[in-house]
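Chemist:
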Amino acid sequence: MRHHHQLLSVLFLASSAFSQVAFSSSAKRGLPFVPSPQFPQDNQIRVEPGSDLTWFYNYMWAPSPEFSAIAQSHFEYVPMIWGAPANDDDWNFLNNVTDMIKEGRNISHMLGFNEPDGPWSQGGSNMSVSSAVEAWMREIEPLKKLGVKLGAPAVTQRGQDWLAQFMAACLNCTIDFIPLHYYGNLSGFQDLVSRVHTTYPNIKLWINEFGFDHVALQPTQEFFNDTTQFLDSADYIERYSWFGTFRSNASNVGPNGCMLTQDGKLTDIGSWYLGGAATNNVPSVASKIYSIRTDIWVVVILVMVMNLFWLMV
Ligand SMILES: *[C@@H]1O[C@H](CO)[C@@H](O)[C@H](O)[C@H]1NC(C)=O
Ligand SMILES: *[C@@H]1O[C@H](CO)[C@@H](O)[C@H](O)[C@H]1NC(C)=O
Ligand SMILES: *[C@@H]1O[C@H](CO)[C@@H](O)[C@H](O)[C@H]1NC(C)=O
Ligand SMILES: *[C@@H]1O[C@H](CO)[C@@H](O)[C@H](O)[C@H]1NC(C)=O
Ligand SMILES: *[C@@H]1O[C@H](CO)[C@@H](O)[C@H](O)[C@H]1NC(C)=O
Ligand SMILES: *[C@@H]1O[C@H](CO)[C@@H](O)[C@H](O)[C@H]1NC(C)=O
Ligand SMILES: *[C@@H]1O[C@H](CO)[C@@H](O)[C@H](O)[C@H]1NC(C)=O
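When the letters of the sequence shown are read in order and numbered with mature numbering (1 follows the signal peptide of the UniProt record, and there is no 0), they come out as residues -19 to -1, 1 to 294.
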């Protein structure tokens, strides 16, 4: 009996060492989506059967055509109001989200302004606290009546003062959750998350952009493993989305955190994030012609042009 038991343990150890072990799966994981016009097949990887991703956002307020036919219950689209409305008569965000809901899309969460404490040159929406409060009450707060959960403006990791001023000034705002951004090492990540949780203990947090940028593969994977394990276990973390869903040679955060190699294959992190096993595909920088921030700029310019157009008519 005893021998038999030992044999079984040896067999078990051998099989776990040689089989491909799937990474933990989590319903909290989402996709910060930036389309890949050059490689449309990259977009589909995230929604293939087996992927554990449950939601996505695209820095805009209309679902990306690549995913718009997928039911909300399967892959929830979360609209974002990226920056300041063009003027007091600009109701596009509220109108469009309301229309989506009327048309039957179950919009259950929205994201507030993207990095309002950051300059445009770094992808921030550069807003004063007072204009953010004004725009919030006009264009965001009314969505509460439609049952939408409202996400605070997502400040940069140096933006806690901006957020504190916003929270103090926006007394009539409903803040259902606070989204955070963080780039750097594990101790900095832990500091930020615990500081924000201590300051707002009753508000759930989303970490909707994070990574350990521009470091080697090993520390990147260590950071990925440690943070995902923490985020999955902490009950005050409602959702998270790893930044780096694109190809390693089209990245502004270094190649090693990317979900896809330069050839569009899932990296270890890419596969783990979807709940799969390591692929041993090593990301590299083949060439760097544009960065993801360029794509965000295209979106920003489009939104500005749309706003100008509405001003003129
Ligand atoms: C938003 O709403 C405006 C005005 O109703 C409409 O013209 C526009 O197409 C909508 N945009 C998107 C991206 O759905
Ligand atoms: C809408 O989505 C939310 C969150 O995913 C869910 O709790 C709710 O049941 C959904 N409502 C409908 C009508 O499907
Ligand atoms: C921020 O926005 C103001 C206008 O509201 C503009 O004058 C300023 O140049 C912007 N600054 C940055 C750093 O983006
Ligand atoms: C909040 O709403 C109340 C009631 O409508 C109003 O009297 C008050 O001025 C508002 N406070 C702020 C800071 O906007
Ligand atoms: C982690 O990052 C923080 C903030 O950038 C820095 O102060 C600290 O020295 C770093 N720690 C290690 C172990 O590199
Ligand atoms: C990360 O987690 C995976 C899956 O559990 C494991 O195979 C890998 O060795 C870990 N890597 C590091 C650097 O901790
Ligand atoms: C990345 O590499 C692929 C080849 O694998 C190439 O076709 C593509 O143009 C590269 N993208 C960038 C942005 O350099």
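Every residue gets a Cβ at the ideal spot worked out from N, C-alpha and C, and that includes glycine.
Only a predicted model underlies this, so the values are computations on that prediction, with no experimental measurement involved.
For the 8 Å Cβ check, are there 3 or more pairs between the segment 85 to 99 and the segment 123 to 132?
Modeler: yes
Chemist: On a CA-only basis, which of Ser214, Trp117, Lys83 is nearest Asn68? Give me that one, please.
Modeler: For the options Ser214, Trp117, Lys83, the alpha carbon positioned closest to that of Asn68 is the one of Trp117.
Chemist: Hey, would you say the C-beta of residue 298 is under 7 Å away from at least one heavy atom of ligand 6?
Modeler: Because the chain in this structure spans residues -19 to 294, residue 298 falls outside the shown range and cannot be described.
Chemist: With DSSP as the reference, identify every bridge partner of Glu190, one or two as the case may be.
Modeler: Note: Glu190 sits in a beta bridge opposite His162.
Chemist: Grab me the residues of Ala133's own chain with a C-beta within less than 6 Å of its C-beta, minus the 5 sequence neighbours each way, in chain order.
Modeler: Gly93, Ile156, Ile159
Chemist: Just to confirm, are Thr260 and Asp249 a CB contact at a threshold of 8 Å?
Modeler: yes
Chemist: State yes or no: is the C-beta of Ser89 nearer than 7 Å to some heavy atom of ligand 2?
Modeler: Of the heavy atoms belonging to ligand 2, at least one sits nearer than 7 Å to the Cβ of Ser89.
Chemist: Is the closest heavy atom of ligand 5 to the C-beta of Ser5 under 7 Å?
Modeler: At a cut-off of 7 Å, the beta-carbon of Ser5 does not count as near ligand 5: no heavy atom of the ligand is closer than that.
Chemist: Verify whether the separation of the beta carbon atoms of Lys185 and Tyr217 is less than 8 Å.
Modeler: yes
Chemist: Are at least three pairs of beta-carbons, each pair with one atom in the segment 218 to 225 and one in the segment 2 to 17, less than 8 Å apart?
Modeler: yes
Chemist: Among the residues of its own chain, which have a CB less than 7 Å from the CB of Met240, if the five just before and after it don't count?
Modeler: Gly225, Thr226, Leu247, Thr248, Ile250, Gly251, Tyr254
Chemist: Quick one: Cα of Tyr271 to Cα of Leu12, how far?
Modeler: Note that Tyr271 has pLDDT 47, beneath the 50 cutoff, so the model's placement of it is unreliable and the number below is only indicative. If you take the alpha carbons of Tyr271 and Leu12, they lie about 20 Å apart.
Chemist: Can you have a look at Glu29 and say buried or exposed, based on whether 16 or more other CB atoms are within 10 angstroms of its CB?
Modeler: exposed
Chemist: Quick check: does the Cβ of residue 295 come within less than 7 Å of any heavy atom belonging to ligand 6?
Modeler: What is shown of the chain runs -19 to 294, which leaves residue 295 out entirely.
Chemist: Applying the 10 Å Cβ sphere with the 16-neighbour rule, what's the burial state of Pro264?
Modeler: The residue is buried, with at least 16 neighbouring Cβ atoms inside 10 Å.
Chemist: Can you find a heavy atom of ligand 6 that lies under 7 Å from the Cβ of Asn262?
Modeler: No, the Cβ of Asn262 stays beyond 7 Å of every heavy atom of ligand 6.
Chemist: Using 8 Å as the threshold, is the C-beta distance between Tyr40 and Asn95 below it?
Modeler: yes
Chemist: Can you tell me which of Asn77, Trp63, Ser32 puts its alpha carbon nearest to the alpha carbon of His55?
Modeler: Ser32
Chemist: Touch check for the segment 97 to 112 and the segment 69 to 80: three-plus C-beta pairs under 8 Å?
Modeler: no
Chemist: What three-state label does DSSP hand Trp253 in the structure shown?
Modeler: helix
Chemist: Hey, which residues come within less than 7 Å of ligand 5, measuring from Cβ to any heavy atom, in chain order?
Modeler: Gly165, Asn166, Ser168, Gly169
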